[in-house]
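J.:
Number of protein chains: 2
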Amino acid sequence: MRVLGIDPGLTRCGVGVVDVEPNRTARLVDVVVLRSPAELDTPRRLARIADGLEAIFEEHRPHAVALERVFARSDVSTIMGTAQISGVAMLIAARRSLPVALHTPSEVKAAITGYGRADKAQVGAMVARILGLDAVPKPADAADALALAICHAWRTGGVAGAAVADAKAPLPEGTVLTPAQRAWHAAERSAAVSGAARRLKE
Amino acid sequence: MRVLGIDPGLTRCGVGVVDVEPNRTARLVDVVVLRSPAELDTPRRLARIADGLEAIFEEHRPHAVALERVFARSDVSTIMGTAQISGVAMLIAARRSLPVALHTPSEVKAAITGYGRADKAQVGAMVARILGLDAVPKPADAADALALAICHAWRTGGVAGAAVADAKAPLPEGTVLTPAQRAWHAAERSAAVSGAARRLKE
Chain A
9 MRVLGIDPGL TRCGVGVVDV EPNRTARLVD VVVLRSPAEL DTPRRLARIA
59 DGLEAIFEEH RPHAVALERV FARSDVSTIM GTAQISGVAM LIAARRSLPV
109 ALHTPSEVKA AITGYGRADK AQVGAMVARI LGLDAVPKPA DAADALALAI
159 CHAWRTGGVA GAAVADAKAP LPEGTVLTPA QRAWHAAERS AAVSGAARRL
209 KE
Chain B
9 MRVLGIDPGL TRCGVGVVDV EPNRTARLVD VVVLRSPAEL DTPRRLARIA
59 DGLEAIFEEH RPHAVALERV FARSDVSTIM GTAQISGVAM LIAARRSLPV
109 ALHTPSEVKA AITGYGRADK AQVGAMVARI LGLDAVPKPA DAADALALAI
159 CHAWRTGGVA GAAVADAKAP LPEGTVLTPA QRAWHAAERS AAVSGAARRL
209 KE
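Sequences listed follow chains A and B, in order.
Just so we're aligned, residue 9 is where the first sequence starts under the numbering used here, counting upward by one.
Just so we're aligned, residue 9 is where the second sequence starts under the numbering used here, counting upward by one.
1) Taking 8 Å as the CB-CB cut-off, is L99/A touching chain B?
2) Spell out whether any CB of chain B is found under 8 Å from the CB atom of T212/A.
3) Would you call the region 67-75 of chain B and the region 25-42 of chain A in contact, with 3 or more CB pairs under 8 Å?
4) Could you check where the beta strand (DSSP E) with L75/A kicks off and where it finishes?
5) Under a CB-based cut-off of 8 Å, is V78/B close to chain A?
6) Please tell me whether P145/A and I93/A are closer than 8 Å, where the distance is taken between their beta carbons.
7) Anything in chain B within Cβ reach of T19/A, meaning under 7 Å, just list it in chain order.
8) Are any of the Cβ atoms in chain A nearer than 8 Å to that of A173/B?
9) Decide if G140/B is buried, meaning its Cβ has at least 16 other Cβ atoms within 10 Å, or exposed.
10) If I'm right that L36/B touches I57/B with Cβ under 8 Å, what's the distance once you round it to whole angstroms?
11) Using three-state DSSP, classify G17/B as helix, strand or coil.
12) Output needed in chain order: residues of the region 37-71 of chain A with a Cβ under 8 Å from some Cβ in chain B.
13) Helix, strand or coil for A136/A per DSSP?
14) L61/B to A153/B, Cα distance in whole Å?
15) Determine, using beta carbons only, whether W162/B and A102/B come nearer to each other than 8 Å.
16) Ignore the nearest five residues each way along the sequence and tell me which others in R20/B's own chain have a CB closer than 6 Å to its CB.
17) Could you compute how far the alpha carbon of L54/B sits from the alpha carbon of A46/B?
18) Measuring only the C-alpha atoms, how far is M134/B from T121/B?
19) Classify R163/B as helix, strand or coil using the three-state DSSP reduction.
20) With a threshold of 8 Å between beta carbons, is G95/B in contact with chain A?
21) Identify the residues that DSSP records as bridge partners of H111/A: which are they?
22) To the nearest angstrom, report how far apart H68/B and I138/A are at their CA atoms.
23) Whole-angstrom Cβ separation of L48/B and R77/B, contact assumed at under 8 Å?
24) Alpha carbon to alpha carbon, how far is R10/B from A126/A?
25) Please tell me whether R163/B has its Cβ less than 8 Å away from any Cβ of chain A.
26) Closest Cβ-Cβ distance between V23/A and chain B: below 8 Å?
27) Apply the 10 Å Cβ neighbour rule to R52/A and answer buried if 16 or more other Cβ atoms are within range, or exposed otherwise.
28) With a 10 Å radius around its C-beta and 16 neighbouring C-beta atoms as the bar for buried, classify R104/A as buried or exposed.
29) Within 10 angstroms of the Cβ of A143/B, are there 16 or more other Cβ atoms? Answer buried if so, exposed if not.
30) For chain C, find out if any of its Cβ atoms is closer than 8 Å to the Cβ of V28/A; answer yes or no.
31) Looking at V108/A and C159/A, is the spacing between their C-beta atoms short of 8 Å?
32) Let me see if you follow: with CB-CB separation under 8 Å, is A126/B close to chain A or not?
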């Protein structure tokens, strides 16, 4: 399953493409940070990012798209640009009949590091380990986009267009894991347990 | 000058097209409210609205686009959809190399009724008078889109792509106005005066 993850932004838009096998092995296909100059007006900035996104969709032909779910933040000007880019990215995906899934930052952090409040450095380090990279992808938007793509594949069980399934179930017997994947899986299972415990208390 | 006004929304997106002469006479070209069913996911809803917008751009070939400037509101889910549609509308305009201007609701109300806090009924009634219509365009999204388009033409002095000029200057000698335009112009000038008085106090 090839997933394209997008960390939306008007100044920097992270785009990561990964191939994920049913056994959860993930391989880096491409990662890029699209930028638009602040001197341009917003419509031209959106078109600049849209052109870049379309080129990446065209080149890598993903099966699914994962986008960060945007919430209200203190800085209204930032959230508007982020929401506008999200809209443009969703339109591009819809016109290619691709499924689009939204994941919150804490869902991504929990899937990747096992801890929903992990910091950027922890997410970046785990992304590098999962993909077998020598260095953490920079800037953070690049690592975040890859994390989104991996999170999506893992949460859906590697089935494009699937509803987010129970990614916290035990792995099938005989699954061979890399050390990074073992670390992730142990972390995710403990997060699931503490999540279940939390739900019981509520 | 032909202006396309957009009152952005995911459930209802008002689109109004007007021709405005240098003497401020405005004529209705088309008005439509695009809708997308709530059962669809957001990407498909955005694509549905985008298809409708592109058909209207194609049919009426506007010289400029006026969009409502979106601010943070209490309902985050609404503002996200509105911002996403705005992004899609801006992208469509930018890809046609059309100038896009944003106007706040109070700027539109002030331009159309002379009063920045006018209610929907007052804006609708003035839009009908300005365009010489027998009835107020319904729903409110339709009237709002037309008000945006008229506001934009008037504020830019009818020059596509112009920066928002001083729309509050007196009209040239010999300009012939309809009663509605006279009413508007008197109201706008009094709003300008009170605006200037307010600025002096600040």
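We treat Cβ as the ideally placed atom computed from N, Cα and C, and that holds for glycine.
T.: Taking the definition as stated:
1) Mapped onto the first sequence, residue 99/A falls at position 91. At least one chain B Cβ lies under 8 Å of L99/A.
2) A query on residue 212/A cannot be resolved here, the shown segment of chain A reaching from 9 to 210 and no further.
3) no
4) Within the first sequence, the letter at position 67 stands for residue 75/A. It spans A72 to E76 - the beta strand (DSSP E) in which L75/A sits, taken as one unbroken run.
5) Within the second sequence, residue 78/B is the residue found at index 70, counting from 1. Yes - at least one Cβ of chain A is within 8 Å of the one on V78/B.
6) Taking the first residue of the first sequence as position 1, residue 145/A is located at position 137. Taking the first residue of the first sequence as position 1, residue 93/A is located at position 85. No, they are not a contact pair.
7) Counted from its first residue, the first sequence places residue 19/A at position 11. In chain order: nothing, as chain B lies at least about 15 Å away.
8) Working through the second sequence from its first residue, we reach residue 173/B at position 165. With a pLDDT of only 35 at A173/B, under the threshold of 50, the placement of this residue in the model should not be trusted, and no figure is reported.
9) Indexing the second sequence from 1 puts residue 140/B at position 132. G140/B should be labelled exposed.
10) Position 28 of the second sequence, counted from the start, is the residue given in the question as residue 36/B. Position 49 of the second sequence, counted from the start, is the residue given in the question as residue 57/B. Not really, about 22 Å apart at Cβ, beyond 8 Å.
11) Sequence index remark: in the second sequence, residue 17/B carries index 9 (1-based). Note: G17/B maps to coil in three-state DSSP.
12) D49, T50, P51, R52, L54, A55 and A58
13) Start at 1 with the first residue of the first sequence, and residue 136/A comes out as number 128. A136/A falls in the helix class under three-state DSSP.
14) The residue given as residue 61/B occupies position 53 in the second sequence. The residue given as residue 153/B occupies position 145 in the second sequence. So the alpha carbons of these two residues sit roughly 13 Å apart.
15) As a first step, residue 162/B is located in the second sequence; it is residue number 154 there, counting from the start. As a first step, residue 102/B is located in the second sequence; it is residue number 94 there, counting from the start. Not closer than 8 Å, so no.
16) Position 12 of the second sequence holds residue 20/B. V41, R43 and D149.
17) Position 46 of the second sequence, counted from the first residue, corresponds to residue 54/B. Position 38 of the second sequence, counted from the first residue, corresponds to residue 46/B. About 11 Å.
18) For the purposes of this step, residue 134/B is identified with residue 126 of the second sequence, where counting begins at 1. For the purposes of this step, residue 121/B is identified with residue 113 of the second sequence, where counting begins at 1. For M134/B and T121/B, the distance between alpha carbons rounds to 6 Å.
19) Working through the second sequence from its first residue, we reach residue 163/B at position 155. Looking at R163/B - three-state DSSP - the assignment turns out to be helix.
20) If you number the second sequence from 1, residue 95/B lands on position 87. Yes, because at least one Cβ of chain A sits closer than 8 Å to the Cβ of G95/B.
21) By one-based count along the first sequence, residue 111/A stands at place 103. Note: H111/A sits in a beta bridge opposite E76/A.
22) In the second sequence, counting from the first residue as 1, residue 68/B sits at position 60. In the first sequence, counting from the first residue as 1, residue 138/A sits at position 130. The straight-line gap from Cα to Cα measures roughly 52 Å.
23) Residue numbering aside, residue 48/B sits at position 40 when the second sequence is read from its first letter. Residue numbering aside, residue 77/B sits at position 69 when the second sequence is read from its first letter. 27 Å between Cβ atoms; not a contact.
24) Taking the first residue of the second sequence as 1, we reach residue 10/B at position 2. Taking the first residue of the first sequence as 1, we reach residue 126/A at position 118. Each residue's alpha carbon lies about 52 Å from the other.
25) Indexing the second sequence from 1 puts residue 163/B at position 155. No, no contact with chain A.
26) Position 15 of the first sequence, counted from the start, is the residue given in the question as residue 23/A. With 8 Å as the cut-off, V23/A does not count as an interface residue toward chain B.
27) Locating residue 52/A in the first sequence gives position 44, counting from the first residue. With 16 or more other Cβ atoms within 10 Å, it is buried.
28) By one-based count along the first sequence, residue 104/A stands at place 96. Exposed: under 16 other Cβ atoms inside 10 Å.
29) Along the second sequence, read from residue 1 onward, the residue named residue 143/B stands at position 135. Classification for A143/B: exposed.
30) No chain C appears in the structure shown, which is made up of the protein chains A and B.
31) For the purposes of this step, residue 159/A is taken as the residue at position 151 of the first sequence. For the purposes of this step, residue 108/A is taken as the residue at position 100 of the first sequence. Their beta carbons are not under 8 Å apart, which means C159/A does not touch V108/A by this criterion.
32) Stepping through the second sequence from its first residue, residue 126/B is reached at position 118. False, the Cβ-Cβ gap to chain A never drops below 8 Å.
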